[in-house]
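Residue numbers (full-length UniProt numbering): 1 to 314.
All residues carry an ideal CB built from backbone N, CA and C; glycine is no exception.
Working notes, beginning with the structure itself.
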């Protein structure tokens with residue numbers, strides 16, 4: 001059974017299935033998102049976790065922050081582990097060896113595990129039609145291993161492998177469009193969410209868990225350590241990400257029908273969002289200003305594309 005939490009009071013009073021004993025950095029968005037997922041489920045749930053920040057900070061042997069069945073696999077194959085659990089569940093039901101309530105099957109992975117290292121594994125799960133939800137905790141870098149660039153890292157960001165300096169403005173490649181990559185599999189539900197819009201987040205999680213078949217969610221998870229902002233500014237950064245349209249919120253049904261779920265009343269300039277993070281501070285030098293202009297142009301074009309696609313209903 002999946003529940004919709006309608007008030008912050010109800011959210012705060014939900015059972016703690018992800019305990020506060022974890023070692024995530026102060027201000028990390030991962031904990032907020034994970035709690036929301038677990039609070040949306042009343043019945044049994046089985047979780048898989050790829051190697052990454054969430055895994056190493058929540059299960060340091062012999063301690064664990066998880067009060068639900070949880071399994072850690074490699075960097076690349078958290079999705080396939082849960083697809084195997086889901087397949088075994090079906091086999092046990094067919095053999096009459098399981099009569100309990102059907103669990104929800106969920107896999108977590110960071111953007112390194114999702115955009116890059118485990119992309120083909122997730123693609124396989126989507127194509128095979130497993131009844132599971134994959135959630136990418138997108139903090140736009142390999143934060144667990146030293147802040148290296150990933151396929152999710154935005155153009156111009158300074159990382160440990162794309163450092164800014166006299167001969168470089170940071171990452172030279174644009175962020176991969178993983179949401180549309182997953183939607184192209186024709187799966188029932190794909191969505192992008194952010195922890196600052198908690199009602200939108202809860203609704204999308206509920207939709208994914210209630211949907212029969214493979215679902216994919218890309219969740220923005222601001223990283224105080226590698227984005228370089230103060231730990232009490234997490235939700236403020238998430239606000240700026242969605243209000244600047246650097247991280248628009250939308251959902252796609254059956255690989256085709258797109259619905260925008262949040263339209264900012266006052267769209268803020270991309271430069272305001274970039275200026276709140278030290279990973280982009282070098283872009284404000286005169287010789288790098290063209291990168292900010294390019295990012296703004298890309299954001300404007302993508303927003304126009306999303307609106308036209310929504311209107312077309314294809």
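Exercise for the section: Counting only the same chain and skipping the five closest in sequence on each side, list residues whose C-beta sits under 8 Å from that of residue 363. Expected result: The structure shown has nothing for residue 363, since the chain only spans 1 to 314.
Practice task
Let me know if residue 297 comes out buried or exposed under the rule of 16 or more other beta-carbons within 10 Å of its beta-carbon.
Solution key: exposed
Exercise for the section: With DSSP collapsed to three states, give me the class of residue 185. Expected result: coil
Problem - First and last residue of the uninterrupted alpha helix (DSSP H) at residue 290 - result: 289-312
Handout entry: residue 238 beta carbon less than 9 Å from that of residue 216
Key = no
Problem - Close beta carbons around residue 163, own chain, < 8 Å, minus the five adjacent residues each side - result: 170
Exercise for the section: Specify whether the region 105-116 and the region 132-143 touch according to this definition: at least 3 beta carbon pairs, one from each stretch, less than 8 Å apart. Expected result: yes
Practice task
Check the C-beta distance from residue 127 over to residue 185 and give it rounded, since I have them as a contact under 8 Å.
Solution key: 6 Å
Handout entry: Delimiting residues of the alpha helix (DSSP H) encompassing residue 16
Key = Counting along the chain, residue 16 falls outside any alpha helix (DSSP H), and DSSP gives it neither H nor E.
Problem - Through-space distance from residue 253 to residue 282, alpha-carbon basis - result: 39 Å
Exercise for the section: Assign residue 35 to buried or exposed, taking buried as 16 or more other Cβ atoms, counted over all protein chains shown, within 10 Å of its Cβ. Expected result: buried
Practice task
Go ahead and label residue 41 buried or exposed: buried means 16 or more other beta carbons lie within 10 angstroms of its beta carbon, across all protein chains shown.
Solution key: buried
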